[in-house]
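Enquirer: I have a structure here, written as structure tokens, and I will follow up with some questions on it.
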Amino acid sequence: MTEEKTQECWKWPEYRHTMPEMDWHDAKIVTAGVDVGSVGSKTVIMVDGELYACSVMRTGGVSEETALKVTNWALEGTGLEIKDIHYVVGTGYGRVNVPFAKRTITEIACHARGAHYIYGPTVRTVLDIGGQDCKAIRCDEKGKVLSFLMNDKCAAGTGRGLEVFADLISVPIQEVGKVSLSVDQEPQPVSNTCVIFAKAEALALLRQGWLKERVAAAYHAAMADRIVDLLTRVGVEKDLVTTGGVAKNVGVVQRLERLLGVKPLSPRMDPILAGAIGAALFAKALQEKELGLR
Amino acid sequence: MLAHYGYKNGSGDYFIIIDTDKCDGCGKCVEACPYGVLELAPNEYDIEEGIMVTVAEEQRKKIKYTCAPCKPVSGERRLPCVLSCEPKAITHSW
Numbered sequence: 028m029t030e031e032k033t034q035e036c037w038k039w040p041e042y043r044h045t046m047p048e049m050d051w052h053d054a055k056i057v058t059a060g061v062d063v064g065s066v067g068s069k070t071v072i073m074v075d076g077e078l079y080a081c082s083v084m085r086t087g088g089v090s091e092e093t094a095l096k097v098t099n100w101a102l103e104g105t106g107l108e109i110k111d112i113h114y115v116v117g118t119g120y121g122r123v124n125v126p127f128a129k130r131t132i133t134e135i136a137c138h139a140r141g142a143h144y145i146y147g148p149t150v151r152t153v154l155d156i157g158g159q160d161c162k163a164i165r166c167d168e169k170g171k172v173l174s175f176l177m178n179d180k181c182a183a184g185t186g187r188g189l190e191v192f193a194d195l196i197s198v199p200i201q202e203v204g205k206v207s208l209s210v211d212q213e214p215q216p217v218s219n220t221c222v223i224f225a226k227a228e229a230l231a232l233l234r235q236g237w238l239k240e241r242v243a244a245a246y247h248a249a250m251a252d253r254i255v256d257l258l259t260r261v262g263v264e265k266d267l268v269t270t271g272g273v274a275k276n277v278g279v280v281q282r283l284e285r286l287l288g289v290k291p292l293s294p295r296m297d298p299i300l301a302g303a304i305g306a307a308l309f310a311k312a313l314q315e316k317e318l319g320l321r
Numbered sequence: 050m051l052a053h054y055g056y057k058n059g060s061g062d063y064f065i066i067i068d069t070d071k072c073d074g075c076g077k078c079v080e081a082c083p084y085g086v087l088e089l090a091p092n093e094y095d096i097e098e099g100i101m102v103t104v105a106e107e108q109r110k111k112i113k114y115t116c117a118p119c120k121p122v123s124g125e126r127r128l129p130c131v132l133s134c135e136p137k138a139i140t141h142s143w
């Protein structure tokens with residue numbers, strides 16, 4: 028007799044959402060932002076510049092298919108179809124693989140714009156911690172990028188690394204941040220230059236008999252260290268906000284706050300959507316430009 | 050906008066910083082660079098169209114090595130990209 032079991036601690040829930048009180052029928056401009064990231068893909072549908080529907084799912088092996096799937100999922104039940112959308116902007120790592128996008132804009136500009144929408148005009152520093160890279164962005168009161176820095180050399184200090192780690196200690200990815208905060212004393216951080224090394228070190232600590240909470244603290248501290256390193260190059264100005272999937276991890280965010288002495292604002296909606304929201308807002312501006320409205 | 054291209058790893062910070070407000074897209078640095086590090090690309094950061102200089106995608110993860118011949122450890126350092134840029138839009142972090 029064989030019995031098979033799968034446990035997937037790294038897996039975060041995919042979801043879609045429609046704003047119940049909104050209607051697109053009388054709308055002047057319907058736009059979409061499709062953010063195909065390295066780990067997650069997001070679509071945001073905007074009606075006259077306000078968030079109407081969104082969806083988040085994992086990026087599969089074929090970006091074009093995922094882009095289509097995630098967008099159709101966002102539109103599900105709304106009565107809208109892709110052809111009804113006036114302007115689609117693609118962004119993210121796989122932005123060139125969104126076949127129905129009219130234009131692409133880098134995720135850096137989109138995250139700044141999206142953070143401006145989510146957190147308001149006081150945002151000056153945006154920290155986007157994505158699946159595969161981490162970006163530090165400085166922006167003005169309009170959400171325009173003034174300075175940015177991206178580290179795309181390795182996955183340490185990113186969401187994918189966190190998934191690997193959550194799986195290692197068998198704690199669901201949504202809870203791993205909270206678990207890391209349950210230690211009395213902060214341990215020495217693990218290596219922060221490489222996910223594979225960090226994971227090997229964490230494994231060694233577990234073998235030495237460290238509790239998983241303590242190992243989690245060491246891992247999260249390493250992530251925060253690395254992110255702060257990057258951030259200091261562009262400088263931190265209040266208000267600081269975080270976007271991307273890792274923005275939902277309290278272990279990383281609270282340690283960032285401790286290291287920087289600046290409290291990040293709390294989001295009024297899922298910060299993983301920031302890139303797609305920014306893209307949808309750019310789409311609206313581009314459509315208005317095409318119609319000669321601006 | 051200050052665009053930082055490059056990376057940070059265990060051995061240090063390697064960023065080429067381009068001030069896109071100063072860059073006029075003339076392309077002299079692209080010609081001056083002996084190793085093809087820089088290239089002209091459409092501005093993807095704003096809805097206003099335009100041309101700006103960027104670090105070529107395939108170079109972004111190895112500029113420590115590609116730029117090394119222009120950075121002697123002793124003697125005078127003369128970076129062709131920086132010298133060719135009239136509006137002084139290019140700086141190196143290392």
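Quick note, the sequences are listed as chains A and B, same order. Numbering of the first sequence is given in this note's numbering, commencing with residue 28 and proceeding in unit increments. Numbering of the second sequence is given in this note's numbering, commencing with residue 50 and proceeding in unit increments. By construction, the Cβ of each residue, glycine as well, lies at the ideal position given by its N, Cα and C atoms. Predicted, not measured: the structure shown is a model, and the values here were computed from it.
1) Roughly how many whole angstroms lie between the Cα atoms of K205(A) and T103(B)?
2) Which residues in the same chain have their Cβ closer than 7 angstroms to the Cβ of L318(A), if we skip the five residues on either side of it in sequence?
3) Over what stretch of residues does the beta strand (DSSP E) that includes M101(B) continue unbroken?
4) Quick one: does L257(A) have its CB under 8 angstroms from some CB of chain B?
5) Helix, strand or coil for D46(A) per DSSP?
6) Pair every Cβ in the stretch 114 to 123 of chain A with every Cβ in the stretch 305 to 321 of chain A, then say whether three or more of these pairs are closer than 8 angstroms.
7) Check each residue of the stretch 257 to 285 of chain A: if its Cβ is closer than 9 angstroms to any Cβ of chain B, include it; give the result in chain order.
8) Is the shortest distance between the beta-carbon of V172(A) and the beta-carbons of chain B less than 8 angstroms?
9) Check the Cβ of K316(A) against every Cβ in chain B and list those closer than 8 angstroms, keeping chain order.
10) Which residues in chain A have a C-beta closer than 7 angstroms to the C-beta of Y114(B)? List them in chain order.
11) Looking at chain A, is there any beta carbon in it that lies within less than 8 angstroms of the beta carbon of L51(B)?
12) Please list, in chain order, the chain A residues whose beta carbon lies closer than 7 angstroms to that of G59(B).
13) Tell me E88(B)'s beta-bridge partners as DSSP assigns them.
14) Whose Cβ in chain A lies nearer than 7 angstroms to the Cβ of E93(B)?
15) Alpha carbons only, please: which of E48(A), L238(A), L267(A) and G302(A) is nearest the one belonging to A59(A)?
16) Quick one: grab the DSSP three-state call for G184(A).
17) Per DSSP, what kind of secondary structure is M28(A) in: helix, strand or coil?
18) Could you list which residues in chain B have their beta carbon closer than 8 angstroms to that of A312(A), in chain order?
19) Once DSSP output is grouped into helix, strand and coil, what is the label at V116(A)?
20) With E241(A) and V210(A) assumed to form a contact (beta carbons below 8 angstroms), what rounded beta-carbon distance in angstroms separates them?
21) Just verifying my parser: in three-state terms, what is the DSSP assignment at V83(A)?
22) Please confirm if the stretch 112 to 126 of chain B is in contact with the stretch 79 to 86 of chain B, defined as three or more CB-CB distances below 8 angstroms between the two stretches.
23) In the DSSP assignment, the beta strand (DSSP E) including T98(A) goes from what residue to what residue?
24) What would DSSP say about Y144(A), mapped onto helix, strand or coil?
25) I need the straight-line Cα distance from I100(B) to V273(A), nearest angstrom please.
26) Do three or more CB pairs link the stretch 246 to 266 of chain A to the stretch 187 to 207 of chain A at distances below 8 angstroms?
27) Can you tell me which of the three DSSP states F62(B) falls into?
28) Would you give the residue range spanned by the beta strand (DSSP E) that L320(A) belongs to?
29) What ranges does the alpha helix (DSSP H) occupy inside the stretch 253 to 299 of chain A, keeping only unbroken runs of at least 4 residues that lie completely in it?
30) For the alpha helix (DSSP H) that R234(A) lies in, which residues bound it at each end?
31) How close, in whole Å, do the beta carbons of H141(B) and L128(B) come, if the pair is a contact with beta carbons under 8 angstroms?
32) Tell me, please, which residues DSSP counts as bridged to K162(A).
33) Using the Cα positions of C78(B) and C130(B), report the straight-line distance between them to the nearest angstrom.
Expert: Reading from the atomic positions:
1) Along the first sequence, one-based indexing puts residue 205(A) at 178. Along the second sequence, one-based indexing puts residue 103(B) at 54. Distance between the alpha carbons of K205(A) and T103(B): 40 angstroms.
2) Translated into the one-based positions of the first sequence, residue 318(A) becomes position 291. For L318(A), where only same-chain residues beyond five positions count, there are no Cβ hits under 7 angstroms.
3) Within the second sequence, residue 101(B) is the residue found at index 52, counting from 1. First-last of the beta strand (DSSP E) with M101(B): I100 to V104.
4) Locating residue 257(A) in the first sequence gives position 230, where the first residue counts as 1. Yes - at least one Cβ of chain B is within 8 angstroms of the one on L257(A).
5) In the first sequence, the residue the question calls residue 46(A) occupies position 19. Here the sequence assigns Met to residue 46(A), which means Asp is not the residue at that position. When secondary structure is reduced to three states using DSSP, M46(A) falls in the coil class, being assigned neither helix nor strand.
6) Yes, the stretch 114 to 123 of chain A touches the stretch 305 to 321 of chain A.
7) Those would be L257, R260 and V261, in chain order.
8) As a first step, residue 172(A) is located in the first sequence; it is residue number 145 there, counting from the start. Closer than 8 angstroms: yes.
9) Mapped onto the first sequence, residue 316(A) falls at position 289. In chain order: I96.
10) Mapped onto the second sequence, residue 114(B) falls at position 65. Per Cβ cutoff of 7 angstroms: no residues; Y114(B) is ~13 angstroms from chain A at best.
11) Here residue 51(B) refers to the residue found at position 2 when the second sequence is read from its first residue. Chain A, which has a Cβ nearer than 8 angstroms to the Cβ of L51(B), makes this yes.
12) Residue numbering aside, residue 59(B) sits at position 10 when the second sequence is read from its first letter. The answer, in chain order, is T220.
13) As a position in the second sequence, residue 88(B) is number 39, starting the count at 1. In DSSP, E88(B) forms a bridge with T103(B).
14) Taking the first residue of the second sequence as 1, we reach residue 93(B) at position 44. Listed by position along chain A, the residues whose Cβ is nearer than 7 angstroms to that of E93(B) are T131, I132 and T133.
15) Numbered from its first residue, the first sequence carries residue 59(A) at position 32. Checked all of E48(A), L238(A), L267(A) and G302(A); the closest Cα to A59(A) is G302(A).
16) The residue given as residue 184(A) occupies position 157 in the first sequence. G184(A) falls in the coil class under three-state DSSP.
17) Locating residue 28(A) in the first sequence gives position 1, counting from the first residue. The three-state secondary structure of M28(A), taken from DSSP, is coil.
18) In the first sequence, the residue the question calls residue 312(A) occupies position 285. Result: I96.
19) For the purposes of this step, residue 116(A) is taken as residue 89 along the first sequence, with counting starting at 1. Three-state DSSP puts V116(A) in a strand.
20) Along the first sequence, one-based indexing puts residue 241(A) at 214. Along the first sequence, one-based indexing puts residue 210(A) at 183. Before going on, a small fix: residue 241(A) reads as Arg here, not Glu. At roughly 5 angstroms, the Cβ-Cβ gap stays under 8 angstroms, so R241(A) and V210(A) are in contact.
21) As a position in the first sequence, residue 83(A) is number 56, starting the count at 1. Here V83(A) sits in strand by DSSP.
22) Touching, yes.
23) Looking up residue 98(A) in the first sequence gives position 71. Premise fails: T98(A) lies in the alpha helix (DSSP H), S90 to L102, not in any beta strand (DSSP E).
24) Mapped onto the first sequence, residue 144(A) falls at position 117. Helix.
25) Taking the first residue of the second sequence as 1, we reach residue 100(B) at position 51. Taking the first residue of the first sequence as 1, we reach residue 273(A) at position 246. Cα to Cα, the separation comes out at about 33 angstroms.
26) Judged by Cβ distances under 8 angstroms, the stretch 246 to 266 of chain A makes contact with the stretch 187 to 207 of chain A, as three or more pairs qualify.
27) On the second sequence, residue 62(B) is found 13 positions in, with the first residue counted as 1. The amino acid occupying residue 62(B) in the given sequence is Asp; Phe does not appear at that position. DSSP, read as helix, strand or coil, puts D62(B) in strand.
28) Counting from 1 along the first sequence, the entry for residue 320(A) is found at position 293. Run containing L320(A): none; DSSP gives neither H nor E here.
29) You should have 277 to 287.
30) Counting from one through the first sequence, the residue named residue 234(A) turns up at place 207. Taken as a continuous stretch (DSSP letters only), the alpha helix (DSSP H) holding R234(A) covers V222 to R234.
31) Within the second sequence, numbered from 1, the residue matching residue 141(B) stands at position 92. Within the second sequence, numbered from 1, the residue matching residue 128(B) stands at position 79. With a Cβ gap of about 7 angstroms, H141(B) and L128(B) count as contacting.
32) Locating residue 162(A) in the first sequence gives position 135, counting from the first residue. K162(A) pairs with D155(A) and M177(A).
33) Position 29 of the second sequence, counted from the start, is the residue given in the question as residue 78(B). Position 81 of the second sequence, counted from the start, is the residue given in the question as residue 130(B). Between the alpha carbons of C78(B) and C130(B) lies a gap of roughly 5 angstroms.
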